[in-house]
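J.:
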RNA sequence: GUGGCUAUGGUAUAAUGGUUAUUACUCUGGCUUGUGGAGCCGGCAAUACGGGUUCAAUCCCCGUUAGCCACCCCA
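Residue numbers (the working numbering): 171 to 640.
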């Protein structure tokens, strides 16, 4: 890069001098040289895709470890499904009329002409695996958790990406309210453990039959109020009437308030089921809000549906749910398995990470950031010392001690600067003299006191430092 | 997919229809070559891309792309 920029500079200077004498020529020359420099195009990110950079690693690792810990505690087993699947899997599960499938799914033709898709969510894949591996013959319920990238061809926006990471749990095989409560508890406590204050929004949309009856009623009602509705809602009446319920247009609000509520149309079984779920939530002190307008966009949901939002201080409600989930009693059968109930949730990790980032920024505010990582630096001076560096670093690693280093630097000064940036407490210095004597210097960075010790005693000395630091 | 706003080094910024595009941070080198936290000096590095108006465009206009925000929808 430096080389090319150097060329650029020298090339640039010539036409500039000519500018005075010739007016038109410089322009064309300038353009051509600009092009020459851009001949090698810098590859860029695809729209809506993001690199997850080292500066965010703490948030991601913390999230992953929290997820892992809580899943283990609740008896969920880790699993991973492919990122690429037969497109029909999602068309059949998520639903043909849904936007996720119609507008937002990455579908490609494979080399043999078959349609494949980048997974937009993972529940369908887990259920596919459940059927394919005959998991219904094992002890029920089958409890699994996953973590990985999903893809949706959205227009990027706040908290919205084309590649997003989700952590989720699925509990398949048992139709019991306690399962729903357990899943909500896992999701809620995951966020809670991360220090995110949140609220559960919950609703029941009953069985497919309940919903059918309800939708007929709702459509009738909406048609009668058609003239009061916004344009979108009028369109939604036929396409997806339940979506009208969470329309944000103010003009629609009075109509929505008066609208028939799904809860009144639930079968007795569904109603009892839902009430029991709520009782369990009361039991474990999870705060929830009954939200009769909560309808989830995926076709496979039945009965319990829920979303978890970050709790906001002001009146402003976060638009973006951190987590969404619900029960899907028909899905296994729909994908060719035996009639089997299931329930699950997925957490949007980019959103969680952005909350965590915001929180720490708030906490730190001006204060010096506490640098994580090893608190000992290794510096070398001179060729011979450099030659022994890797060996010493590796010896220490094998003894269980990790030291920071920057072997690419030659001057001791610059290495000390780096050590200082890391905020280490001690620096090991190996110079020419030490190499000959078989010793090494240990410098206390705070006091500046240095101690010369035998190289054989390094790990012993490092051990003392590490233990003292605790 | 629709609409609004935006686009200057890696980051954050200043300025202008005209000669060498400002500043800070970062990075990098040096300040008697074996020692960090300060200071001083130097170096690398940018007007997103394409077209138009103009004698002249980084600036004005159009298009493209990307970003942000809202809608649709969703985690």
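We put the beta carbon where it would ideally sit given N, CA and C, even for glycine.
Using 10 angstroms around the beta-carbon of residue 459, count the other beta-carbons present and answer buried if the total reaches 16, otherwise exposed.
T.: Taking the first chain and counting its residues from 1, the one referred to as residue 459 is at position 289. So residue 459 counts as exposed.
J.: Under DSSP, the alpha helix (DSSP H) around residue 480 begins and ends at which residues?
T.: Your numbering for residue 480 matches position 310 in the first chain. No alpha helix (DSSP H) contains residue 480, which is instead part of the beta strand (DSSP E) from 472-480.
J.: Could you check the C-alpha separation between residue 304 and residue 513 for me, to the nearest Å?
T.: By 1-based counting over the first chain, the position of residue 304 is 134. By 1-based counting over the first chain, the position of residue 513 is 343. Going by the C-alpha atoms only, they are around 18 Å apart.
J.: State the DSSP-derived secondary structure class of residue 560, mapped to helix, strand or coil.
T.: By 1-based counting over the first chain, the position of residue 560 is 390. If DSSP states are grouped into helix, strand and coil, residue 560 belongs with the helices.
J.: Keeping to the same chain, check which residues put their C-beta closer than 7 Å to that of residue 400; ignore five residues upstream and five downstream.
T.: Indexing the first chain from 1 puts residue 400 at position 230. Cβ within range, chain order: 417, 419, 421 and 422.
J.: Would the region 261-272 and the region 309-316 be scored as touching if the rule is three or more Cβ pairs under 8 Å?
T.: No contact exists between the region 261-272 and the region 309-316.
J.: Using the Cα positions of residue 428 and residue 464, report the straight-line distance between them to the nearest angstrom.
T.: Taking the first residue of the first chain as 1, we reach residue 428 at position 258. Taking the first residue of the first chain as 1, we reach residue 464 at position 294. Rounded to the nearest angstrom, the two C-alpha atoms are 16 Å apart.
J.: From the DSSP output, which residues share a beta bridge with residue 377?
T.: The sequence position of residue 377 within the first chain is 207, counting from 1. DSSP output for residue 377 lists no bridge partner at all.
J.: Output yes or no for whether 8 Å exceeds the beta carbon distance between residue 585 and residue 549.
T.: Stepping through the first chain from its first residue, residue 585 is reached at position 415. Stepping through the first chain from its first residue, residue 549 is reached at position 379. Taking 8 Å as the Cβ cut-off, residue 585 and residue 549 qualify as a contacting pair.
J.: Could you compute how far the alpha carbon of residue 282 sits from the alpha carbon of residue 382?
T.: Along the first chain, one-based indexing puts residue 282 at 112. Along the first chain, one-based indexing puts residue 382 at 212. Roughly 39 Å separates the two Cα atoms.
J.: Could you pull out every residue in the same chain whose Cβ sits closer than 7 Å to the Cβ of residue 257, ignoring the five residues on either side in sequence?
T.: Counting from one through the first chain, the residue named residue 257 turns up at place 87. The answer, listed in chain order, is 277, 285, 286 and 287.
J.: Do residue 499 and residue 508 have their C-beta atoms closer together than 8 Å?
T.: In the first chain, counting from the first residue as 1, residue 499 sits at position 329. In the first chain, counting from the first residue as 1, residue 508 sits at position 338. The answer is no: Cβ separation not under 8 Å.
J.: For residue 321, which of helix, strand or coil comes out of DSSP?
T.: Your numbering for residue 321 matches position 151 in the first chain. The answer is strand: DSSP assigns residue 321 an E or B state.
J.: Spatial neighbours of residue 244 within its chain, please: C-beta separation below 6 Å, excluding the five flanking residues on both sides.
T.: Translated into positions along the first chain, residue 244 becomes position 74. Taken in chain order, the residues that qualify are 356.
J.: So, does the region 612-620 touch the region 594-601, judging by three or more C-beta pairs under 8 Å?
T.: Touching, yes, given that three or more Cβ pairs across the two stretches are closer than 8 Å.
J.: Name the residue from 223, 384, 234 and 353 whose alpha carbon lies nearest to the alpha carbon of residue 454.
T.: Looking up residue 454 in the first chain gives position 284. Minimum Cα distance to residue 454 is reached at 353.
J.: Taking only three categories from DSSP, how would you classify residue 383?
T.: The residue labelled residue 383 in the question sits at position 213 within the first chain. Here residue 383 sits in helix by DSSP.
J.: How about residue 250 and residue 318: do their beta carbons lie closer than 8 Å?
T.: Looking up residue 250 in the first chain gives position 80. Looking up residue 318 in the first chain gives position 148. Yes; because the gap between Cβ atoms is below 8 Å, this pair is in contact.
J.: With three or more C-beta pairs closer than 8 Å as the rule, is the region 435-445 touching the region 369-383?
T.: In short, these stretches touch, since the Cβ pair count reaches three.
J.: Could you work out which residue in 347, 632, 387 and 374 is closest to residue 568 when comparing CA atoms only?
T.: Here residue 568 corresponds to residue number 398 of the first chain, with the count starting at 1. Measuring from the Cα of residue 568, the nearest candidate turns out to be 632.
J.: For a quick check, are the C-beta atoms of residue 641 and residue 625 less than 8 Å apart?
T.: One cannot answer for residue 641 here, as it falls past the ends of the chain, which runs 171 to 640.
J.: Can you grab the Cα-Cα spacing for the pair residue 296 / residue 322, in whole Å?
T.: As a working note, residue 296 is residue 126 in the first chain. As a working note, residue 322 is residue 152 in the first chain. Looking at the two C-alpha atoms, the distance is approximately 18 Å.
J.: The alpha helix (DSSP H) spanning residue 261 covers which residue range?
T.: Taking the first chain and counting its residues from 1, one reaches residue 261 at position 91. Start and end: 257-263.
J.: Measuring CA to CA, which of 334, 501 and 342 is closest to residue 246?
T.: Reading the first chain from its first residue, position 76 is the one you call residue 246. Checked all of 334, 501 and 342; the closest Cα to residue 246 is 342.
J.: So, with DSSP's three-state summary, where would you put residue 597?
T.: Start at 1 with the first residue of the first chain, and residue 597 comes out as number 427. It is a strand residue.
J.: Identify the residues that DSSP records as bridge partners of residue 335: which are they?
T.: Here residue 335 refers to the residue found at position 165 when the first chain is read from its first residue. DSSP lists 319 as partners of residue 335.
J.: Assign residue 163 to one of two classes, buried (16 or more other C-beta atoms within 10 Å of its C-beta) or exposed (fewer than that).
T.: Since the first residue shown for the chain is 171 and the last is 640, residue 163 is missing from the structure and cannot be characterised.
J.: Judging by CA-CA distance, which residue of 331, 339, 562 and 220 is the nearest neighbour of residue 248?
T.: Locating residue 248 in the first chain gives position 78, where the first residue counts as 1. Ranking the options by Cα distance to residue 248, first place goes to 339.
J.: Beta strand (DSSP E) containing residue 620: first to last residue?
T.: Mapped onto the first chain, residue 620 falls at position 450. Element bounds for residue 620: 620-624.
J.: Terminal residues of the continuous beta strand (DSSP E) containing residue 287?
T.: The count along the first chain starts at 1 and reaches residue 287 at position 117. Residues 285-288.
J.: Name the DSSP beta bridge partners of residue 341, please?
T.: Start at 1 with the first residue of the first chain, and residue 341 comes out as number 171. According to DSSP, which records beta bridges pairwise, residue 341 is partnered with 313 and 513.
J.: Have a look at residue 337 and residue 461 and give me their C-alpha separation to the nearest angstrom.
T.: Position 167 of the first chain, counting from 1, holds the residue named residue 337. Position 291 of the first chain, counting from 1, holds the residue named residue 461. Cα to Cα, the separation comes out at about 24 Å.
J.: Name the two residues that bound the continuous alpha helix (DSSP H) containing residue 293.
T.: Here residue 293 corresponds to residue number 123 of the first chain, with the count starting at 1. Per DSSP, residue 293 belongs to the alpha helix (DSSP H) from 293-302.
J.: Pull up the DSSP beta-bridge partners for residue 364, would you.
T.: Taking the first chain and counting its residues from 1, one reaches residue 364 at position 194. In DSSP, residue 364 forms no bridge with anything.
J.: Would residue 298 pass as a contact of residue 259 if the rule is Cβ separation under 8 Å?
T.: Locating residue 298 in the first chain gives position 128, where the first residue counts as 1. Locating residue 259 in the first chain gives position 89, where the first residue counts as 1. In this structure, residue 259 lies closer than 8 Å to residue 298 by Cβ.
J.: Please name the residue or residues paired with residue 458 in a DSSP beta bridge.
T.: Residue 458 sits at position 288 when you count from the first residue of the first chain. Its beta-bridge partners are 370.
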